[in-house]
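These notes concern the structure reproduced below.
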Amino acid sequence: MTNEGNKRPTKLASKSWRLSHLYKIVDKNSQTITFKRNNAQEKLNAYIKELKEKNWFVRLIILKARQLWVTTDRLVDGLDECLLKKNQNIVITAHNREKQKEIFQKVKYSYQQTPDGLRTEKGVRYKPKPKYDNVNELYFPTNHSKIQVSLDSRSWTPTKLHITELAFRNDAREMMAGTLPSMPKTADIIIETTANWVGNYFYEMWNKYYGRDDGEFKTIFIGRWFADEYASEIEEGEMIVLPIELKHLEQLPITEWQKKWYLQQYDLLWRDVFQEYPSTPEEAFLTTGDTVFNIQIIKNLEKLKYVEDMKFPKLRIYAKPGEKCLFGIDTAEGWKDGDSSSISVRDTDMKLLAFFYWTIPPDELCVVVDRLVELWYKGIIGVERNNTWLTTITKAKEYPWYDMLYTERTIDKITNQPTRKFWRQTNTKTRPLMINEYEEAIRRWFIDQVDERLRTEMYSFIYNEKNKPEAQEGTHDDAIISDAICYQMRKELAYDMSWALETTQN
């Protein structure tokens, strides 16, 4: 029994006491210290406790900023469970072998530094002795509990599973498909990761459950502002004035000292501060590229209520049709995991009326347009001339709203006869101009309502190395293009639509 064990009060039954006095870790300065939960870890565990009391088990996705020591907290918590309880199987998965070894060494070191015995009211309580089955597992035969760090959990039946850095796994989809079905219904599953841009499996999973109360998983974002240590002292009489891109910090429960610290990082890193020290989930997913749309404006665009159409669940109805409606359409092949077809419908004041976004073949897209016309959304339809638009246009000839399609009237130089050309091709010259005008409409708040799927695309729409606007690798811009076309349709209001409206009313 260690001397430390003789000095400890009889508080071994209190988990909060154990996690503040009993375990040792190595900090970022390579110093051995007693583990004690920081503010971010305390808030996280309060939420975990709330979920546990409500549902008897935990299904949680954690999106976090860097250097908040969430993994360290969970491995110490898991070690504590194994030492004090029977029949525990704690599994922590790492995203690569190097991290697997690093995490296990933390577990092993914390165990080794734990006192051999602690005095209780009933005598001395000795910590169980492990049997090392392999280099990644501590197994305690006396209470039949173990903690292991692996690359996946397919061969195990955990009582608690903690998955680290899921966003950085190339096999994330396959690993989760093999893991989730084998998990006991009462087992805790916590997924914790920093963001690794957008378009990957974790990004899809986060968007699937974020903000939902009815999903299998709950979500929590842990920003750098959760940690009290990231703060700078304010001098007497000093006023913190935030630039427009940091105004959203006013909505967060942070101190003036934390605001000053964040402002200092912003002055040092400028827009890279959003990636390094995200204060919202959207910032966490941002690329290091320069975004086309102002991030603060995107955040503040109005979030609208909608009703999903009974025939097409991906068709969201936001408002009743106006006298004249503007359609913007971006077509796609309809392949799984490929681009989506997108339809944006607005009135002449650019208020959002309806929005469709889904991987649907270009000919079937006409059925969705027909549904909108059936609901009396009528006006002018602009279709992007891309590699799939012709299929949509050809199929549209079968519908009575065919003449609603926007065309440019030109004179053929050879025959001297009038011709009609559907929409304008978005090539290397016209596309940047269209995006420029659309971005200005957003920046000047002429457009202040967006579908959430459109907002998501805006966060990852950047200027590339040639200063051309494009979707970041692994993401899409279908909603942006359809809405930009919709805005272009407003510019074409001089075009006489009366004949189109008469055709569809008959």
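In terms of my numbering, the sequence shown is residues 2 to 507. The C-beta atom is built at its ideal place from N, Cα and C for all residues, glycine as well. Predicted model only: the values in this text are computed from it and were never measured.
| message | Is phenylalanine 36 close to the ligand PLP? I mean its beta-carbon at under 8 Å from any heavy atom of the ligand. | response | Because no ligand of any kind appears in the structure shown, any question about the ligand PLP cannot be addressed here.
| message | I need the boundaries of the beta strand (DSSP E) containing aspartate 479, first residue and last residue. | response | Run containing aspartate 479: none in the beta strand (DSSP E); it sits in the alpha helix (DSSP H), 479–492.
| request: Mark arginine 170 as exposed unless 16 or more other C-beta atoms lie within 10 angstroms of its C-beta, in which case mark it buried. | output: Burial call: buried.
| What separation, rounded to the nearest whole angstrom, lies between the Cα atoms of valine 274 and arginine 213? | Approximately 28 Å between the Cα atoms of the pair.
| said: Pull the bridge partners of glycine 27 from the DSSP assignment, please. | reply: The sequence as given places valine at residue 27; glycine does not occur at that position. Thr33, per the DSSP bridge assignment.
| query | In chain order, what residues of the same chain lie with their CB nearer than 8 Å to the CB of serine 530, ignoring the 5 residues before and after it? | reply | There is no way to answer for residue 530, as the model of the chain reaches only from 2 to 507.
| request: For histidine 249, name the three-state secondary structure that DSSP assigns. | output: In the three-state scheme derived from DSSP, where H, G and I count as helix and E and B as strand, histidine 249 is classed as helix.
| query | Of the choices Lys37, Ala14, Asn137, Ile381, whose alpha-carbon is the least far from that of tyrosine 407? | reply | Per the Cα distances, Ile381.
| request: Rank Phe356, Leu20, Met240 by C-alpha distance to the C-alpha of aspartate 81 and give the top, closest one. | output: The shortest Cα separation from aspartate 81 among Phe356, Leu20, Met240 belongs to Leu20.
| query | Expressed to the nearest angstrom, what Euclidean distance is found between the alpha-carbon atoms of alanine 285 and alanine 66? | reply | Computed Cα separation, rounded: 7 Å.
| field | Length of the line joining the Cα atoms of glutamate 1 and tyrosine 439 | value | With the chain running from 2 to 507 in the structure shown, residue 1 is simply not present.
| At least three beta-carbon pairs within less than 8 Å, the stretch 32–44 to the stretch 186–198 | No, they do not touch.
| message | Buried or exposed for asparagine 137, going by 16 or more other Cβ atoms inside 10 Å? | response | Result: buried.
| task | Could you tell me whether the stretch 309–327 touches the stretch 465–476, where touching means 3 or more Cβ pairs closer than 8 Å? | result | Flag = no, the stretch 309–327 and the stretch 465–476 do not touch.
| request: Reducing DSSP to helix, strand and coil, say where histidine 22 ends up. | output: Histidine 22 carries a helical assignment under DSSP once its states are collapsed to helix, strand and coil.
| task | Starting from histidine 163, follow its DSSP beta bridges and name the residues at the other end. | result | Beta bridge pairing from DSSP links histidine 163 with Ile93, Ile191.
| request: Using beta-carbon positions only, say whether leucine 247 and tyrosine 231 come within less than 9 Å of one another. | output: Cβ atoms of leucine 247 and tyrosine 231: not closer than 9 Å.
| field | First through last residue of the beta strand (DSSP E) which encompasses lysine 65 | value | 60–65 is the extent of the beta strand (DSSP E) around lysine 65.
| N-terminal and C-terminal residue of the alpha helix (DSSP H) that valine 1 is part of | Nothing about residue 1 can be reported from this structure: the residues present for the chain run from 2 to 507 only.
| query | Which partner residues of isoleucine 330 appear in the DSSP bridge assignment? | reply | As DSSP reads the structure, isoleucine 330 sits in a beta bridge with Ile344, Val384.
| field | Three-state secondary structure (DSSP) of tyrosine 127 | value | In the structure shown, tyrosine 127 sits in a strand (DSSP, three-state: E or B).
| message | Any contact between the stretch 49–65 and the stretch 94–103? By contact I mean 3 or more CB pairs, one from each, below 8 Å. | response | Two segments are said to touch when three or more pairs of C-beta atoms, one from each, lie closer than 8 Å; by this definition the stretch 49–65 does not touch the stretch 94–103.
| serine 111 versus Asn88, Asn90, Ile148, Thr143, residue with shortest Cα-Cα distance | Per the Cα distances, Ile148.
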